[in-house]
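Residue numbers (our numbering), protein chains in the order written: chain W, 15 to 185; chain Z, 2 to 245. Here a beta-carbon is modelled for each residue, glycine too, at the ideal position from N, C-alpha and C. All remarks here apply to the structure that follows.
Encoded structure:
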């Protein structure tokens with residue numbers, strides 16, 4: 015009888031150890047999941063940073079987007095000072111509406127009064143395991159191509175709304 | 002749609018008559034679907050002067066395809082907003098696909114049809130290679146940031162040329178609205194590529210994951226940090242330094 019007592023306590027110790035071990039494993043897993051959940055997006059971001067800083071400065075400066083072109087052409091013709099609002103233009107993803115601010119006869123600023131903002135996140139899409147997708151810095155390529163693919167939708171709506179705003183600012 | 006259309010046929014036998022047939026097809030589609038034309042069927046539907054059951058077969062087809070796409074994209078693709086219809090996010094790709102079929106029925110094997118930056122390409126270019134497509138920079142319309150070669154498939158790009166830094170939520174000036182500037186999708190044909198590019202662009206950063214999980218599709222996303230993210234199979238289309 016006396017023999018069985020330590021044996022039983024040993025079993026108990028073993029059982030406690032097993033419990034602690036499994037508790038630790040479960041805790042570590044939960045911590046890992048929480049960590050992944052909150053830092054997953056940041057990991058992707060940080061992976062993308064080094065190539066950007068490695069770029070020559072000239073490529074970090076966006077050269078002459080559509081907006082600048084408008085600014086330049088505006089400098090040659092004169093506009094009345096004031097704030098002009100363009101109409102709402104359908105850009106398919108939503109309505110686009112801009113406001114042009116004219117100072118000293120030139121466009122001082124263009125602001126968005128309305129921009130498509132209904133990009134809700136989807137439960138189903140987010141639940142798909144995040145695959146690792148490669149990233150790279152955008153770099154100019156040689157133009158030896160048969161054709162070009164590019165966006166048209168929102169930029170068209172932007173230009174239409176801005177044009178109307180500027181038309182009303184014309185002397 | 003009111004956008005430039007380019008058709009290039011590599012090979013003999015193409016006549017002005019055949020090209021006219023392709024271009025007039027696009028004009029017909031524009032007359033039917035344009036939201037900027039008062040007399041189009043879409044405008045009449047939006048004014049409730051026309052009911053869908055009395056609309057043309059083309060319109061009924063597009064509405065059926067749009068509904069199918071809405072269901073397969075979790076509602077991100079929807080031609081209806083505020084009670085008005087705008088099917089431009091699906092009509093363009095569908096029209097390019099049909100225009101390409103006109104040429105295929107005429108026996109042409111090497112050509113592309115491009116409208117507003119969306120492309121359907123078959124066969125090879127005049128140099129006997131796959132067609133080379135440049136992906137335009139969303140930061141500079143005169144700049145190409147990627148060159149891909151394609152054949153027997155479609156390429157569509159959804160996006161904006163507005164610099165991301167300028168687009169803020171008017172209700173919260175600190176919040177950037179537009180992170181993704183451009184999303185290019187390669188698909189089995191231009192109809193498929195266009196509708197899923199439209200839907201995926203509306204998903205923001207999740208869009209590229211949606212394309213990654215879509216079998217037979219590859220994507221290239223450019224964000225406002227001048228970073229591009231591409232799907233795992235995209236690289237096989239990319240031309241490096243003028244060689245494939």
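{"Asked": "Applying the 10 Å Cβ sphere with the 16-neighbour rule, what's the burial state of residue 182 (chain W)?", "Found": "exposed"}
{"Asked": "First and last residue of the beta strand (DSSP E) that includes residue 230 (chain Z)?", "Found": "228-231"}
{"Asked": "Check each candidate in Z:36, Z:59 and Z:57 and name the one with the smallest Cα separation from residue 48 (chain Z).", "Found": "Z:36"}
{"Asked": "Please report the distance separating the alpha-carbon of residue 154 (chain Z) from that of residue 187 (chain Z).", "Found": "7 Å"}
{"Asked": "Mapping the DSSP letters down to three states, classify residue 144 (chain Z) as helix, strand or coil.", "Found": "coil"}
{"Asked": "Measuring straight from C-alpha to C-alpha, what distance separates residue 201 (chain Z) and residue 133 (chain Z)?", "Found": "24 Å"}
{"Asked": "Cβ closer than 9 Å: which chain W residues qualify as neighbours of residue 39 (chain Z)?", "Found": "Neighbours of residue 39 (chain Z) on chain W: none; closest Cβ ~15 Å, over 9 Å."}
{"Asked": "Does the pairing of the region 63-80 of chain Z with the region 198-212 of chain Z give three or more beta-carbon distances under 8 Å?", "Found": "yes"}
{"Asked": "Between which two residues does the beta strand (DSSP E) carrying residue 116 (chain Z) extend?", "Found": "112-116"}
{"Asked": "Just to confirm before moving on: does the CB-CB distance between residue 94 (chain W) and residue 116 (chain W) stay below 9 Å?", "Found": "yes"}
{"Asked": "At a threshold of 8 Å, does residue 153 (chain W) count as lining the ligand SAM (C-beta to nearest heavy atom)?", "Found": "The ligand SAM is not part of the structure shown, which contains no ligands of any sort."}
{"Asked": "Quick one: does residue 154 (chain W) have its CB under 9 Å from some CB of chain Z?", "Found": "yes"}
{"Asked": "For residue 33 (chain Z), I'd like the list of residues in its chain whose CB is within less than 8 Å of its CB, leaving aside the five on either flank, ordered along the chain.", "Found": "41, 42, 43, 57, 59 and 60"}
{"Asked": "Just the Cα atoms here: how many angstroms apart are residue 194 (chain Z) and residue 92 (chain W)?", "Found": "44 Å"}
{"Asked": "Quick check: the region 214-223 of chain Z against the region 109-121 of chain Z, are there 3 or more CB pairs under 8 Å?", "Found": "no"}
{"Asked": "Is it the case that the Cβ atoms of residue 104 (chain Z) and residue 6 (chain Z) are separated by a distance below 9 Å?", "Found": "no"}
{"Asked": "Run through chain Z and tell me which residues come within less than 8 Å of residue 159 (chain W), C-beta to C-beta.", "Found": "133, 134, 135, 145 and 148"}
{"Asked": "Please name the residue in Z:53, Z:97, Z:95 and Z:70 whose C-alpha comes closest to that of residue 1 (chain Z).", "Found": "Residue coverage of chain Z in this structure runs from 2 to 245, which leaves residue 1 (chain Z) outside it and unanswerable."}
{"Asked": "Give me, in chain order, the residues of the same chain whose beta-carbon lies closer than 8 Å to that of residue 98 (chain Z); leave out the 5 immediate sequence neighbours on both sides.", "Found": "121, 155, 190, 191 and 192"}
{"Asked": "Does residue 49 (chain Z) have its Cβ less than 9 Å from a Cβ in chain W?", "Found": "no"}
{"Asked": "Which word fits residue 139 (chain Z), buried or exposed, when buried means at least 16 other C-beta atoms lie within 10 angstroms of its C-beta?", "Found": "buried"}
{"Asked": "Would you kindly work out how many angstroms separate the C-alpha atoms of residue 17 (chain Z) and residue 24 (chain Z), rounded to a whole number?", "Found": "10 Å"}
{"Asked": "Just reading off the alpha helix (DSSP H) that residue 210 (chain Z) is part of, what are its end residues?", "Found": "208-213"}
{"Asked": "Per DSSP, residue 184 (chain W) is paired with what?", "Found": "W:93"}
{"Asked": "Quick one: what does DSSP say residue 137 (chain Z) is sitting in, helix, strand or coil?", "Found": "strand"}
{"Asked": "If contact means a Cβ-Cβ distance below 9 Å, which residues of the region 108-123 of chain Z contact chain W?", "Found": "113, 115, 117, 118, 119, 120 and 122"}
{"Asked": "So, does the CB of residue 148 (chain W) fall closer than 9 Å to a CB anywhere in chain Z?", "Found": "yes"}
{"Asked": "According to DSSP, what are the bridge partners of residue 123 (chain Z)?", "Found": "Z:112"}
{"Asked": "How would you call residue 184 (chain Z), buried or exposed, if buried means at least 16 neighbouring beta carbons within 10 angstroms?", "Found": "buried"}
{"Asked": "In angstroms, rounded to a whole number, what distance separates the CA positions of residue 148 (chain Z) and residue 19 (chain Z)?", "Found": "30 Å"}
{"Asked": "Taking the Cβ atom as the reference point for each residue, do residue 163 (chain W) and residue 212 (chain Z) lie within a distance shorter than 9 Å?", "Found": "no"}
{"Asked": "Closer than 8 Å by C-beta to residue 26 (chain Z): which residues in its own chain qualify, once you throw out the five before and the five after it? Chain order, please.", "Found": "96, 99, 100 and 103"}
{"Asked": "Between which two residues does the alpha helix (DSSP H) harbouring residue 159 (chain Z) extend?", "Found": "Per DSSP, residue 159 (chain Z) belongs to no alpha helix (DSSP H); it is in the beta strand (DSSP E), 154-160."}
{"Asked": "Please state the DSSP three-state secondary structure of residue 122 (chain W).", "Found": "strand"}
{"Asked": "How far does the alpha helix (DSSP H) with residue 185 (chain Z) in it reach, from first residue to last?", "Found": "No alpha helix (DSSP H) holds residue 185 (chain Z); the beta strand (DSSP E) holding it covers 181-188."}
{"Asked": "Is the Cβ of residue 18 (chain Z) closer than 9 Å to any Cβ of chain W?", "Found": "no"}
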